[in-house]
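K.L.:
Sending over a structure as structure tokens; questions will come in a sec.
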Amino acid sequence: MGGSTSSLLDESKCTYIRGKTEAVIKNFSPHYRRQYTVAFCKHVQDELEQHRDSQSRFLKSKPPMEAGVVLYEAELLHFAEDLKKWKDRYLVIRNDYTVDCFENKEAYQKGASPKYHVIPAGGKVLTSEEDYNLLSDKHFPDPVGSSEKEVAQAFVQLPREFPVYLWQPFARHSYYCFSEPEAQRQFSAVLGDCVRHSNHDFLNQTTYEVEAFLEAIQFFRQEKGHYGMWEMITGNEKEILSNLVMEELLPNLQTMILPKMKGKRNDRKRAWFGIVEETYSLVQQQVSEGLSTLKEECRNFAKTLEGTIRSDMDQILNSKNFLAGKIKATVSEPAQKCCIENIQPFLTSILEELMGPVSSGFTEVRSLFDKEVNEIIQDFQKTNDITKLKENMDQLMNLPFNSVKMEPCYLKVNLLQELLQDLKSRFKVYHIDFVIQRTQNFMQELMENAVYTFEQLFSPSRQADSAKVATTIEKVKLRVLKQYDYDSSTIRKKIFQEALVQITLPTMQKTLASVCKPELQKYEQFIFADYTSMIQVENVYEEILYQTLLEETLKVIKEAAIMKKHNLFEDNLNLPCESVSSLTDLKTPSGSAQTTPAKKPSTTRAEMSDTETQSDETLIVTGKISWEKDGDDRKSSDKEAVASVKTASDQASKSEEVFHTDIGQNQESLSATLTKQEVVKEKRTLENEDTVKAKCVVDSEKELKTQQEAVEEKVASGTETEVKGLGASPKKELKVHEGAVKEKVTSEGQAAMDAVFVGSTEKESKAQEEVSEIELTSPRDNVAEAEILGDAEKKMKVEKEIIEKSPQSENAIGTGFEEDSKKESNGQGVSTETRVISQDENAGKGGSEKESKSEEKSFKSPDDVNEIRSLLMVTVEIPADTPAENIKESCEDENVYSNYNY
Numbered sequence: 001m002g003g004s005t006s007s008l009l010d011e012s013k014c015t016y017i018r019g020k021t022e023a024v025i026k027n028f029s030p031h032y033r034r035q036y037t038v039a040f041c042k043h044v045q046d047e048l049e050q051h052r053d054s055q056s057r058f059l060k061s062k063p064p065m066e067a068g069v070v071l072y073e074a075e076l077l078h079f080a081e082d083l084k085k086w087k088d089r090y091l092v093i094r095n096d097y098t099v100d101c102f103e104n105k106e107a108y109q110k111g112a113s114p115k116y117h118v119i120p121a122g123g124k125v126l127t128s129e130e131d132y133n134l135l136s137d138k139h140f141p142d143p144v145g146s147s148e149k150e151v152a153q154a155f156v157q158l159p160r161e162f163p164v165y166l167w168q169p170f171a172r173h174s175y176y177c178f179s180e181p182e183a184q185r186q187f188s189a190v191l192g193d194c195v196r197h198s199n200h201d202f203l204n205q206t207t208y209e210v211e212a213f214l215e216a217i218q219f220f221r222q223e224k225g226h227y228g229m230w231e232m233i234t235g236n237e238k239e240i241l242s243n244l245v246m247e248e249l250l251p252n253l254q255t256m257i258l259p260k261m262k263g264k265r266n267d268r269k270r271a272w273f274g275i276v277e278e279t280y281s282l283v284q285q286q287v288s289e290g291l292s293t294l295k296e297e298c299r300n301f302a303k304t305l306e307g308t309i310r311s312d313m314d315q316i317l318n319s320k321n322f323l324a325g326k327i328k329a330t331v332s333e334p335a336q337k338c339c340i341e342n343i344q345p346f347l348t349s350i351l352e353e354l355m356g357p358v359s360s361g362f363t364e365v366r367s368l369f370d371k372e373v374n375e376i377i378q379d380f381q382k383t384n385d386i387t388k389l390k391e392n393m394d395q396l397m398n399l400p401f402n403s404v405k406m407e408p409c410y411l412k413v414n415l416l417q418e419l420l421q422d423l424k425s426r427f428k429v430y431h432i433d434f435v436i437q438r439t440q441n442f443m444q445e446l447m448e449n450a451v452y453t454f455e456q457l458f459s460p461s462r463q464a465d466s467a468k469v470a471t472t473i474e475k476v477k478l479r480v481l482k483q484y485d486y487d488s489s490t491i492r493k494k495i496f497q498e499a500l501v502q503i504t505l506p507t508m509q510k511t512l513a514s515v516c517k518p519e520l521q522k523y524e525q526f527i528f529a530d531y532t533s534m535i536q537v538e539n540v541y542e543e544i545l546y547q548t549l550l551e552e553t554l555k556v557i558k559e560a561a562i563m564k565k566h567n568l569f570e571d572n573l574n575l576p577c578e579s580v581s582s583l584t585d586l587k588t589p590s591g592s593a594q595t596t597p598a599k600k601p602s603t604t605r606a607e608m609s610d611t612e613t614q615s616d617e618t619l620i621v622t623g624k625i626s627w628e629k630d631g632d633d634r635k636s637s638d639k640e641a642v643a644s645v646k647t648a649s650d651q652a653s654k655s656e657e658v659f660h661t662d663i664g665q666n667q668e669s670l671s672a673t674l675t676k677q678e679v680v681k682e683k684r685t686l687e688n689e690d691t692v693k694a695k696c697v698v699d700s701e702k703e704l705k706t707q708q709e710a711v712e713e714k715v716a717s718g719t720e721t722e723v724k725g726l727g728a729s730p731k732k733e734l735k736v737h738e739g740a741v742k743e744k745v746t747s748e749g750q751a752a753m754d755a756v757f758v759g760s761t762e763k764e765s766k767a768q769e770e771v772s773e774i775e776l777t778s779p780r781d782n783v784a785e786a787e788i789l790g791d792a793e794k795k796m797k798v799e800k801e802i803i804e805k806s807p808q809s810e811n812a813i814g815t816g817f818e819e820d821s822k823k824e825s826n827g828q829g830v831s832t833e834t835r836v837i838s839q840d841e842n843a844g845k846g847g848s849e850k851e852s853k854s855e856e857k858s859f860k861s862p863d864d865v866n867e868i869r870s871l872l873m874v875t876v877e878i879p880a881d882t883p884a885e886n887i888k889e890s891c892e893d894e895n896v897y898s899n900y901n902y
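According to UniProt numbering, the sequence shown holds residues 1 to 902 in order.
Here you go:
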């Protein structure tokens, strides 16, 4: 038969290949349909919930390059397989990482089609004949056997000394030759970049169709008992599915064809590679057609479900969560046991092996960037030439695509092949190339971001003073390196997480397959009939296993970060994605220190946040408090006074000097006797009781105890008459509150309060023009801040907003009163701290004025927000014995000061 390809791959074999391909597509289709609907549902969920990547980066992400950018072009010797001879060709590699081989340079410049178009997905780049022969022999299972003399013969005679081989598993191999080692090294490095990107660029896409396809491949292989990383998952959808077909097809072809082949070894070998290439071409053509039809079918089906998915998303998620709970109850125990026995003890050692080579690779990238920028600085200091500086900057921008300079960085990671040998026996991991190449792509991406950020920060055209250029470049470089360190830590932790899961998850899947998978079918009954296509039991099961293992991997990575291994940083903060675009923005990122990209927030800010959170729960209605702001405020005596006030406030909160009144009982007892006008006031009281926490500062613990005894005596009666009696005994009240801080509320303040109760917009406007001393409810934090800063103008604006909103709040109080009364009468247990203070008119005039004066002398403006808020007293002063309908007239005629504390 000889070595002829045509005589071996006849029509019957072509028919067999087509039938086998059709069978694989048919078996694969149900998996793809299920996963397509699941992925589409998840896509809609992410769209509705607006999920974003939580990982922050400091370096600016470089925008993708325009299509068609040439990365490499050169004239070289190429072995033409059809002619069986070496020919001079013009080779061009663009940023789609495919290789085009033209007849000559003129043909390329005229736009002619390339003679050869190579997609190097799944390939390996070799630079020695021995290495190529070893690899190619592994994929040529020769049943006849060969003599040593035949094995020693060159498969392709080399016309020059420095070859480059591109081996591919199913496609035609490519052979190139160079006369100089530098040219060989440059081309092999560029070709290696092409292989990496061709393998992984499709996998990095985040579309739901790509996710559905990869999940379907995984479940299809698991159905046949294959778990873990698959070395042939390279290239795009057509290439990956074709690899899947070839994986099943090749063993049968070898049995059918190889024993019948005759001739010399190299001829048989060449013929076999030709058969494999032709078979792969037939399979790809059929797979492309079948996959296109399948995708169109799934798209149409997804469109019919989109309306249901969007409208029923909550029910779908609830159904999925319920199902997950049922499955987890069964799977959790064996999964944890498997993890503890077979995986957890080895995670730390695997991580140690990963961290060394990966971190050294990223460190090498950092050093390369540092070195290149230093050379730019030195060159400019020698020449002081802005034009040359711009040229050097352009070269720096191309550094990530300078394969020769980047290659030493990539080689650092290749050590993983040797260090992870133990994985082959323990976890059955035979292919670590996926982790290595993905890491190398991340390294290139980070270098792209570093040079792009440097370009954004430094522009030679904007440098007016050439004397400061070198200093500016140095500052920008240091800034970029800081950002690089943080981003490097973030990316490396992501690499470690993915690698640990990919290495160990197959062990868990295989261990639990015989125990748990047969039980999964019974869980389908827990899925609503309308959602069976959107929720798949197998997906929920895999997610549970993944999350179980992810928790363990994150623990060991976190421990490594805490120990600062390999310059990893802790993720204590959700740092913002932050970078700068000009020298005017040069500053340390928030949460970043001078020596490390991340640091913890100050405890002061955390305490402030806690205080503000607490203040959100408090409704503040307070009179104006005057603060002394002289330079003498910082004297020791004043500090002692503030300290004593703070201590007294703490004692007040601990002693609970205020009495507790059950709201439900008050509502029941007061509603029987209140007049219609008093009900209006009571509505206001109950509203404040739900939201107000009254605070009062006292001078001594003894007075606090006296006050509490008096209050308890007042509460004992439990009737409205006795409460009013408390208001009618100003002398007793004055004794109880002797020495306490009182707040002054003017008659204009009473007018403002009248405007709030009556609801007259016109009266409120007039009252606000007369008074700037009363502060009401919302926004509480803004008013407190205005008092701290002493900014009267800001205070006035806040108060104006409050007065404008008061009619709305009155309406809300009125409409919500009945509902609140029902809740309170049901005894839902809401009791608020209240304090009833009633004074006669004369005592109100004299006492409050004197106390406010002494208060101004003895208390200085505190620095702490907590101190200020502890001094705020919730009081609204209304004559206790004045009927509600005559409040306005009595305030205008008598101009009295009385406290009516809710």
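Where is the CB? At the ideal position from N, CA and C, for every residue including glycine.
Between the Cα of W164 and the Cα atoms of V190, A302 and A171, which residue gives the shortest distance?
P.N.:
Looking at the sequence provided, one finds Val at residue 164 rather than Trp. Nearest to V164 by C-alpha distance, out of V190, A302 and A171, is V190.
K.L.:
By a C-beta neighbour count over all protein chains shown, 10 Å radius and 16 as the cutoff for buried, is A450 buried or exposed?
P.N.:
buried
K.L.:
Can you look up F28 in the DSSP assignment and give me helix, strand or coil?
P.N.:
Taken through DSSP and simplified to helix, strand or coil, F28 comes out as helix.
K.L.:
Can you check whether the CB of C516 is closer than 7 Å to the CB of V331?
P.N.:
yes
K.L.:
Give me, in chain order, the residues of the same chain whose beta-carbon lies closer than 8 Å to that of Y272; leave out the 5 immediate sequence neighbours on both sides.
P.N.:
Looking at the sequence provided, one finds Trp at residue 272 rather than Tyr. Closer than 8 Å at the Cβ level, and outside the excluded window around W272, lie F140, I257, L258 and M261.
K.L.:
DSSP three-state call for R172: helix, strand or coil?
P.N.:
coil
K.L.:
Measure how close the beta-carbons of W167 and L203 come, nearest whole angstrom, since I'm counting them as under 8 Å.
P.N.:
Wrong, their Cβ atoms sit about 21 Å apart, outside the cutoff.
K.L.:
Over what stretch of residues does the alpha helix (DSSP H) that includes R438 continue unbroken?
P.N.:
D433 to L457
K.L.:
Based on Cα-Cα distance, which residue from F213, L545, I343 and N374 lies nearest to F454?
P.N.:
N374
K.L.:
Can you check which of these residues, H78, L83 and D82, is closest to Y90 by C-alpha distance?
P.N.:
H78
K.L.:
Please report the Cβ distance between L457 and V476, rounded to the nearest whole angstrom; I am assuming they are in contact, meaning their Cβ atoms lie under 8 Å.
P.N.:
Contact holds; Cβ gap of about 5 Å.
K.L.:
Rounded to a whole number of angstroms, what is the C-alpha to C-alpha distance between K85 and N104?
P.N.:
16 Å
K.L.:
Is R89 helix, strand or coil when you go by DSSP?
P.N.:
strand
K.L.:
Rounded to the nearest angstrom, what separates D46 and R426 at their Cα positions?
P.N.:
38 Å
K.L.:
Can you tell me the Cα-Cα spacing of A467 and L396, whole angstroms?
P.N.:
22 Å
K.L.:
Between which two residues does the alpha helix (DSSP H) harbouring K328 extend?
P.N.:
M313 to C338
K.L.:
In three-state terms, what does DSSP make of Y165?
P.N.:
strand
K.L.:
Could you tell me the alpha carbon to alpha carbon distance between V276 and F170, rounded to whole angstroms?
P.N.:
6 Å
K.L.:
Excluding the five sequence neighbours on either side, which residues of its own chain have a C-beta within less than 6 Å of the C-beta of V376, listed in chain order?
P.N.:
First, the amino acid is wrong: residue 376 is Ile here, not Val. Taken in chain order, the residues that qualify are N392.
K.L.:
Applying the 10 Å Cβ sphere with the 16-neighbour rule, what's the burial state of G123?
P.N.:
buried
K.L.:
For N236, which option in V537, Q381 and Q205 has the closest C-alpha, if you only look at C-alpha atoms?
P.N.:
Q205
K.L.:
Contact check, I25 vs G290 under 8 Å by CB: the rounded distance?
P.N.:
Yes, they are in contact, since the Cβ atoms of I25 and G290 sit about 4 Å apart, within 8 Å.
K.L.:
Checking 7 Å against the spacing of the C-beta atoms, do A437 and R196 come in under that value?
P.N.:
Note on identity: in this sequence residue 437 is Gln, with Ala being the wrong assignment. In this structure, R196 lies closer than 7 Å to Q437 by Cβ.
K.L.:
If you run the structure through DSSP and keep just helix, strand and coil, what is H566?
P.N.:
helix
K.L.:
Does the separation of the CB atoms of L323 and V540 fall below 7 Å?
P.N.:
yes
K.L.:
With a cut-off of 8 Å, do at least 3 Cβ pairs link the region 19-35 to the region 408-421?
P.N.:
no
K.L.:
What residue from T37, Y16, C41 and L568 has the CA that sits closest to M313's CA?
P.N.:
C41
K.L.:
Does the Cβ-Cβ distance between V501 and T439 come in under 7 Å?
P.N.:
The answer is no: Cβ separation not under 7 Å.
K.L.:
From the DSSP secondary-structure annotation, give me the bridge partner or partners of K124.
P.N.:
W167
K.L.:
Quick one: what's got a C-beta closer than 8 Å to M65's C-beta in the same chain, skipping five residues either side?
P.N.:
N95
K.L.:
Taking only three categories from DSSP, how would you classify A470?
P.N.:
helix
K.L.:
Please state whether DSSP places E209 in a helix, a strand or coil.
P.N.:
The DSSP-derived three-state label of E209 is helix.
K.L.:
For H117, list the residues DSSP reports as bridge partners.
P.N.:
Answer by DSSP bridge pairing, in chain order: D100.
K.L.:
What beta strand (DSSP E) runs, 3 residues minimum, are completely inside the region 495-559?
P.N.:
Those beta strand (DSSP E) runs which fall completely within the region 495-559 and span 3+ residues do not exist here.
K.L.:
Determine the extent of the beta strand (DSSP E) in which Y72 is found, giving its start and end residues.
P.N.:
V70 to A80
K.L.:
DSSP three-state call for K744: helix, strand or coil?
P.N.:
Because K744 sits at a pLDDT of 37, beneath the cut-off of 50, its placement in the model cannot be relied upon, and the following sentence gives the value as read from the coordinates. Correct three-state label for K744: coil.
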